[in-house]
Amino acid sequence: MEPRGNQMPELPYLDYLKRLHRLLKCGMESFDVMLIYLERIPTTYQLDNVSLYTLSLISLVLAIKYLEDKTQPNRFYSKVGGLDLRTFNELEIELLEMLDYDIHIKIFLENI
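So the number in my numbering is just where the residue sits in the sequence shown, counting from 1, plus 2.
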């Protein structure tokens, strides 16, 4: 997955995630799942700062689509992330392929 011209935001990474949370209006559970997706990316993939921001956005959007009842069109997500729609769609497919299209998350509840 190549950033394809996407430049790293001038925001520190934590501020970038806070911005995504504010603009995407998603639950914190989506961020939890985003982290799980990022952990599932094969170790052969070289992650740099630009791709971290891009992969975080795409992973978060996949998590939102998986968990949330109300979602937005990809055009909205691509605007928030500063990507053109075509690039966003291609990166979404590439991430799904890296995850072998396995976006299911098993949740284990203990002591409930």
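Just so you know, even glycine gets a beta-carbon here, dropped at the ideal spot from N, CA and C. What you are looking at is a predicted structure, and each value in this text was computed from that prediction instead of being measured.
Asked                                                                                                                                 : Found
Tell me the DSSP secondary structure of G29 in three-state form.                                                                      : coil
Is I107 closer than 7 Å to V35 when the C-beta atoms are compared?                                                                    : yes
With burial defined as no fewer than 16 other Cβ atoms inside 10 Å of the residue's Cβ, what is the status of L16: buried or exposed? : exposed
Could you tell me the boundaries of the alpha helix (DSSP H) in which I95 lies?                                                       : L87 to M100
Report the rounded CA-to-CA distance for D102 versus I38, giving the unit in angstroms.                                               : 14 Å
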